[in-house]
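The listed protein sequences derive, respectively, from chains A and B. So that you can map any letter, position 146 of the first sequence is 145 in numbering that gives the first Met the number 0, and since no number is skipped, the others follow by simple counting. So that you can map any letter, position 433 of the second sequence is 432 in numbering that gives the first Met the number 0, and since no number is skipped, the others follow by simple counting.
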Amino acid sequence: MSLGWRIRVVFIVSPFIPLNYCRLAKTTGLAGALAVGLVKPGAVEIDFNRDIRPVLSGNCFQCHGPDAAKRKAGLRLDTRKGAIEARDGVRAIDPARLAKSELLARITATDPDTRMPPPEANSRLAPEQVKLLSAWVKAGGEYDRHWAFNQPVRRPLPGLAPERRAWAKNAVDVFVAAKLAEAGVDPSPEAAKATLLRRVSLDLVGLPPSPEQIAAFVNDSSADAFEKVVDNLLQSPHYGERWGRHWLDAARYADSDGYSHDAARSMWPYRDWVISAVNSDLSFDQFIVEQLAGDLLPDATLAQRVATGFHRNTQINTEGGVDKEQFRIDSIFDRLVTTGEVMFGLTLGCAQCHEHKYDPVSQTEYYQLFAFFNNADEPRIEAPTPVVTARRAEHNARVRQLEAKLKSLTKEDAGRKSVEVSLAKLKKARPSAATTLVMARRKEPRTTRRFVQGDFTRPAETVQPGTPASLHPLAKPTPDRLDFARWVAARDNPLLARVTVNRTWQHLFGRGIVETENDFGSQGIPPTHPKLLDWLAVEFMENGWSLKQIHRLIVTSATYRQASSVRRADLDQLDPHNRLLARQSRFRLDAELIRDMALVSSGLLSAKMGGPGVFPPQPDGCMDLGQHRKTWKASSGEDRFRRAAYTYRWRNTPHPALKVFDAPDGLATCTRRIRSNTPLQALTLMNDPAFVELSIGLARRLMAEAESSANRIRLGFQLCLGREPDAEELRLITELVAGQQTEFAAQTAEAKAVVSKASSLGQAGKPAGSDAALAAWTMASRVLLNLDETITRE
Amino acid sequence: MMDALKASQAQQAMDLQQVTRRHFFSQCSMGLGSIALGSLLGDGLVKAASVNPFQPGKPHFAPKAKNVIYMFMAGGPSQLELYDWKPELARRTGGDIPEEFIKGKRFAFMNSSFKDQKKLLGPVKKFHQHGQGGMWFSENIPHIGGIADEMTMFRTCKTNLFNHAPAKLFMNTGTGVFGRPSMGSWVTYGIGSESQSLPGFVVLHSGPRGPRGGAANWGSGFLPTTYQGVPLRGSGDPILNLANPAGVNRQRQRASIDTINKLNLKRLVATGDPEINTRIASYEMAYRMQASAPELIDISGESKATLDLYGIERGKPSFANNSLLARRLVQRGTRFVQLYHTNWDSHGGPGETLNKDFDKVTHDVDRASAALVKDLKAHGMLDDTLVIWGGEFGRTPMSEARQTAGRNHHIDAFTMWMAGGGIKPGNIVGETDEFGFGAIDQECHVHDLHATVLHLLGLDHERLTFRTQGRDYRLTDIHGKLIEDALA
């Protein structure tokens with residue numbers, strides 16, 4: 000097959016792009032992929048991992064799987080060795096006489112006493128599953144290692160018909176197009192430019208584009224107009240706030256201890272570390288190493304120690320009468336669950352109490368992993384910001400100055416006393432620094448034992464630190480937590496890159512290539528595009544584990560740029576869940592972005608980054624739901640209008656406007672947010688004083704920046720939806736404003752009541768004109784902020 | 000009022016169809032021409048008026064109970080001062096509990112006030128017999144004693160965790176692991192809710208403080224947040240953000256929602272995304288909620304006899320007031336109501352004595368707990384409403400060394416009761432040993448209680464599952480057996 004198809008060069012090297020992007024241009028994209036050559040997809044035959052393993056895992060492994068304790072009849076079907084072993088002369092799979100294999104007899108038996116799975120099991124094989132298993136056994140009953148435990152390899156790009164080739168912009172599209180071709184489905188057209196810009200801005204930085212940015216992009220007809228936009232977004236500091244927040248979900252970050260007392264904790268230096276690491280595109284393997292064991296790195300920097308806060312985001316139970324050891328161990332259990340789901344896509348937690356029922360992780364191996372975390376101390380350290388460090392240096396200099404002066408004075412000197420007093424006073428005024436929770440090596444190592452049924456009061460044999468045999472080896476006689484961290488982030492870890500690019504994909508398409516983003520094990524749902532997943536994983540690792548490069552690759556693909564409209568006519572039956580990717584997805588914004596969206600459109604957003612959590616307004620009484628009635632004093636000034644990523648997060652009494660839109664509460668790791676759609680969300684957007692305040696802010700802005708009613712509405716649409724209204728939309732809002740203004744003119748008290756709710760906005764920007772006009776435009780702005788399209792990324 | 004509501008809903012549905020019709024014709028040029036209007040309206044794309052996230056679901060089998068009111072006694076009520084009369088314990092006050100009872104057992108406060116604590120403490124309260132079967136109740140709860148013939152008392156409840164916050168989580172979610180759904184979430188996920196204008200799972204609070212652990216106790220875990228408990232607030236708006244902003248009257252809110260929904264409907268037609276349907280329905284339900292929640296908490300129409308039955312002082316937030324609201328919620332179709340009342344902790348220290356403080360908390364709840372059962376019965380609602388009463392654990396037969404004699408947390412045996420909704424009346428399940436330390440007959444583990452509650456609602460605890468992380472999760476995890484002796 001010829002390689003001579005015309006492909007757009009997707010990676011433009013721009014003088015404004017930092018060096019690591021240039022590296023990308025040389026080694027990635029289609030050029031690299033094409034060099035490997037193109038092959039046609041092979042003939043369809045039984046694929047053990049795709050067709051057989053899910054059936055065995057879902058129906059058989061519970062009793063005939065890795066867990067020896069629960070194994071029935073001594074039969075094990077998760078390995079070929081177990082399946083062909085003779086027990087009382089009977090073999091589940093008999094290689095010598097395949098058609099006489101016991102497995103066949105059992106799954107087709109009509110007698111309930113011999114039939115498998117047995118009637119009391121909650122599973123039953125569907126006829127086509129029986130057919131599949133039979134065909135597989137008769138063909139030899141060969142096993143294949145579960146796909147996720149094999150190293151990802153970059154496979155040749157599939158071949159494509161010319162018209163599909165023409166659609167592809169990069170390698171991502173070639174894999175997607177091949178799948179679409181198999182199904183005989185065409186991709187959707189590219190989204191309207193304004194939609195595309197809003198989508199990519201919300202996805203990459205979590206903020207909508209300004210009307211000026213929209214106009215500039217729509218009017219930029221250069222071939223690389225979109226790539227330029229993407230590069231700018233990737234360099235925006237807001238990128239770290241957006242993608243850092245995704246990571247903070249996984250890290251179960253919050254600003255309090257949880258459990259009973261839910262005391263406040265200072266943890267924001269870790270949050271800021273994440274945002275800054277994401278912004279600087281710290282290579283992802285290093286990002287992982289520093290969070291698991293930054294404290295053990297040679298000459299660890301303060302930042303690297305702060306990074307270990309990742310596993311200090313566990314809850315701490317300080318209620319009376321607790322056994323501290325119990326909760327210390329509970330936090331380690333939590334660390335293993337989190338590490339498993341976030342870095343391996345494995346449900347390691349299952350092996351806490353027994354052998355894993357589906358995946359090759361034994362209970363002993365679980366406690367070998369446990370041992371890495373068991374030998375850490377959990378201190379709190381000062382984490383001075385650069386500003387504080389500078390102030391401290393200045394302070395030290397002044398102390399030295401005074402000390403020198405004191406030295407120069409004799410005891411009899413008249414001024415000595417006052418210098419002494421000043422020095423004492425100065426010493427007390429040392430600039431304070433925020434603290435943060437970190438991990439540190441323990442001087443006296445603990446002995447780790449396996450706990451019978453995961454119960455820490457039942458310690459069994461001693462185990463040494465180690466890693467599961469089914470994964471890549473850790474070749475060190477006495478490995479410590481740093482060795483473990485490097486093992487997790489190793490190039491030969493088959494899972495870390497895969498789960499990471501998969502989560503990235505999930506954030507950009509609403510669903511991962513592996514839909515069960517936290518379970519790549521045999522019970523997980525197999526990838527829709529396995530070769531694409533592996534291609535991306537290899538690409539990611541070979542390009543310095545740069546997340547920005549993966550983002551750039553994916554968002555510049557034709558697949559990403561498609562329109563998101565539902566194709567009821569041709570895909571309603573064929574692909575209702577959009578697994579083929581014949582369109583983009585349309586989904587509601589994350590909780591934080593809904594507030595940020597309103598802050599941006601009203602022009603009130605503060606660009607200030609980092610620092611302690613802030614307190615945007617929330618209704619009274621929300622802090623009463625925990626054991627202690629805490630206070631929530633709304634921030635004033637700039638801090639009132641910060642991005643929601645900086646909102647203070649109490650675990651027991653989460654901010655209601657974040658909670659109602661499914662923000663996780665930091666109680667456990669969260670690798671995918673649910674997107675609910677409820678009446679309480681409607682009440683929040685319509686009536687929450689914080690949103691009403693922003694509606695007034697938006698109304699003021701519309702009135703200040705546009706004269707005519709139509710132009711105000713146009714501006715409002717641009718600010719909230721990133722597009723022009725059509726005639727009917729214009730008419731609907733015009734009618735609302737006109738009607739409301741007439742009513743408010745007659746109901747002056749009500750008009751005054753509406754506009755008075757914006758005292759926090761100050762007098763600046765308050766438009767001339769009547770209260771009735773501002774109140775009417777507030778009603779219109781409130782409608783705009785409530786639209787489904789406003790809180791949705793299309 | 001209900002008729003007016005229905006009429007307004009019907010009007011809404013018609014408006015929506017009209018707008019759809021208009022869009023269909025105005026947008027033919029945008030590629031929608033190929034879709035017949037009939038199919039837009041007929042095949043379910045536009046069905047906003049009927050979309051309800053709490054759509055009642057089908058139970059697995061015919062249910063005995065339709066609704067649940069769960070009175071959660073936060074802090075761990077002492078069964079030995081309430082329900083489990085132990086004359087032998089009284090006789091042996093001051094003596095040591097035999098070693099075999101406590102060997103290898105772990106308790107809270109083992110490093111402080113409960114170190115080497117073996118001294119038995121007899122019942123601090125007097126007990127009396129009630130009902131036809133002569134069930135024992137302490138002098139502190141005569142009203143609850145008065146409904147002895149309605150209830151099954153579970154004397155051998157058992158849980159796994161002995162600190163408050165983890166134990167509350169365990170009682171609500173069946174595990175001490177965070178991130179799992181609470182019972183109310185499971186139930187509304189399983190069978191939805193009848194109400195079109197109130198949340199399906201509502202949580203109320205009374206007492207000096209909120210429950211330890213906060214929102215996790217009524218959280219929906221890995222289930223959609225649609226199913227999480229909605230706190231009904233004691234002051235201000237009964238539901239958060241229920242009231243319109245100042246200056247926005249009901250007509251103005253209606254005009255705004257109309258505009259929002261018309262614009263959303265246009266987007267629905269343009270994108271075909273069924274989520275917009277749900278969004279439109281959510282705004283309609285929010286609007287209805289704005290009318291029905293104030294009506295719910297307005298008890299001015301309740302008779303003086305009813306208020307006296309519960310012991311309600313008008314305008315004063317209380318457990319009694321919440322109990323009446325629970326009845327009103329269930330009357331209006333809410334599926335699962337949970338009333339938290341603090342504080343039952345009784346270690347013997349200040350604010351936690353078995354004398355004055357215990358008397359206060361029993362006084363807070365006794366009359367109203369009984370009144371709720373009687374009132375439900377009077378309204379013909381007890382048959383299909385399951386009432387549950389109990390805390391996260393019980394108290395030790397041994398005393399704790401604080402300022403006064405108190406009791407420590409105890410997980411091996413404690414008492415809960417249920418009434419109505421298919422529960423056998425005048426019944427006792429389980430028996431404890433002479434000290435009330437552990438079960439000697441029919442242990443009722445939290446998992447078993449959960450399995451039984453689900454059963455009464457027509458749900459098989461092994462079949463009510465949600466798949467996440469590669470396996471089907473249940474409220475009862477891999478445990479739970481139906482307590483047949485409790486069924487009517």
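Heads up, the beta-carbon is just placed ideally off N, CA and C, and yes, glycines get one too.
With DSSP run on the structure shown, which of helix, strand or coil describes residue i?
i: residue 126 of chain B; result: strand
i: residue 588 of chain A; result: coil
i: residue 32 of chain A; result: With a pLDDT of only 34 at residue 32 of chain A, under 50, the local geometry of the prediction cannot be trusted, and no value is derived from it.
i: residue 241 of chain B; result: coil
i: residue 481 of chain B; result: coil
i: residue 143 of chain B; result: helix
i: residue 32 of chain B; result: Reliability of the predicted coordinates at residue 32 of chain B is poor, the pLDDT of 29 falling under 50, and no value is obtained from them.
i: residue 201 of chain A; result: helix
i: residue 138 of chain A; result: coil
i: residue 383 of chain A; result: coil
i: residue 544 of chain A; result: coil
i: residue 273 of chain B; result: helix
i: residue 378 of chain A; result: coil
i: residue 321 of chain B; result: helix
i: residue 460 of chain A; result: strand
i: residue 415 of chain B; result: strand
i: residue 447 of chain A; result: strand
i: residue 439 of chain A; result: strand
i: residue 717 of chain A; result: helix
Kindly indicate the opening and closing residues of the alpha helix (DSSP H) around residue i.
i: residue 472 of chain B; result: Counting along the chain, residue 472 of chain B falls outside any alpha helix (DSSP H), though it belongs to the beta strand (DSSP E) covering 470–472.
i: residue 651 of chain A; result: Element bounds for residue 651 of chain A: n/a, residue is neither H nor E.
i: residue 157 of chain B; result: Counting along the chain, residue 157 of chain B falls outside any alpha helix (DSSP H), though it belongs to the beta strand (DSSP E) covering 150–157.
i: residue 216 of chain A; result: 210–218
i: residue 541 of chain A; result: 529–541
i: residue 266 of chain A; result: Here residue 266 of chain A belongs to no alpha helix (DSSP H), and DSSP marks it neither H nor E.
i: residue 685 of chain A; result: 678–686
Below 8 Å on the Cβ atoms is my guess for residue i versus residue j; work out the distance and round it to an integer in Å.
i: residue 270 of chain B; j: residue 187 of chain A; result: Not quite, the Cβ-Cβ distance comes to about 12 Å (not below 8 Å), so this is no contact.
i: residue 258 of chain A; j: residue 316 of chain A; result: 4 Å
i: residue 591 of chain A; j: residue 642 of chain A; result: 7 Å
i: residue 360 of chain B; j: residue 68 of chain B; result: Not quite, the Cβ-Cβ distance comes to about 19 Å (not below 8 Å), so this is no contact.
i: residue 309 of chain B; j: residue 323 of chain B; result: 5 Å
On the DSSP letters alone, give me the boundaries of the beta strand (DSSP E) that residue i sits inside.
i: residue 406 of chain B; result: 404–409
i: residue 466 of chain B; result: 465–467
i: residue 396 of chain B; result: 393–400
i: residue 339 of chain B; result: 335–340
Indicate whether residue i and residue j have their beta-carbon atoms separated by less than 8 Å.
i: residue 583 of chain A; j: residue 508 of chain A; result: yes
i: residue 107 of chain B; j: residue 625 of chain A; result: no
i: residue 173 of chain A; j: residue 167 of chain A; result: yes
Next item on the list: Tell me, please, whether the region 692–709 of chain A touches the region 279–297 of chain A by the rule of three or more beta-carbon pairs shorter than 8 Å.
Entry: The region 692–709 of chain A vs the region 279–297 of chain A: no contact.
Notebook entry, point to check: At a cut of 8 Å, does the region 229–247 of chain A reach the region 273–283 of chain A through at least three beta carbon pairs?
Noted result: Taking 8 Å as the limit for Cβ pairs, the verdict is that the region 273–283 of chain A does touch the region 229–247 of chain A.
Note to self: Using 8 Å as the cut-off, can you tell me whether the region 112–121 of chain A makes contact with the region 491–499 of chain A, which would need three or more C-beta pairs spanning the two stretches below that distance?
What the structure shows: Contact annotation: the region 112–121 of chain A does not touch the region 491–499 of chain A, with fewer than three C-beta pairs closer than 8 Å.
Item checked: Inter-stretch contact (C-beta, 8 Å, three-pair minimum) for the region 435–442 of chain A and the region 321–338 of chain A -> Result no; under three Cβ-Cβ pairs closer than 8 Å.
Margin query: Measuring CB atoms only, is the region 456–463 of chain B touching the region 56–65 of chain B, in the sense that at least three cross pairs come out at less than 8 Å?
Written below: Short answer: they touch.
Margin query: Can you confirm whether the region 439–447 of chain B touches the region 479–492 of chain A when touching is taken to mean that 3 or more C-beta pairs between the two stretches lie within less than 8 Å?
Written below: The region 479–492 of chain A and the region 439–447 of chain B do not touch, with fewer than 3 CB-CB distances between them shorter than 8 Å.
Item checked: Segment contact flag, the region 658–669 of chain A with the region 631–641 of chain A, C-beta cutoff 8 Å, min 3 pairs -> Cβ pair count under 8 Å is below three, so no.
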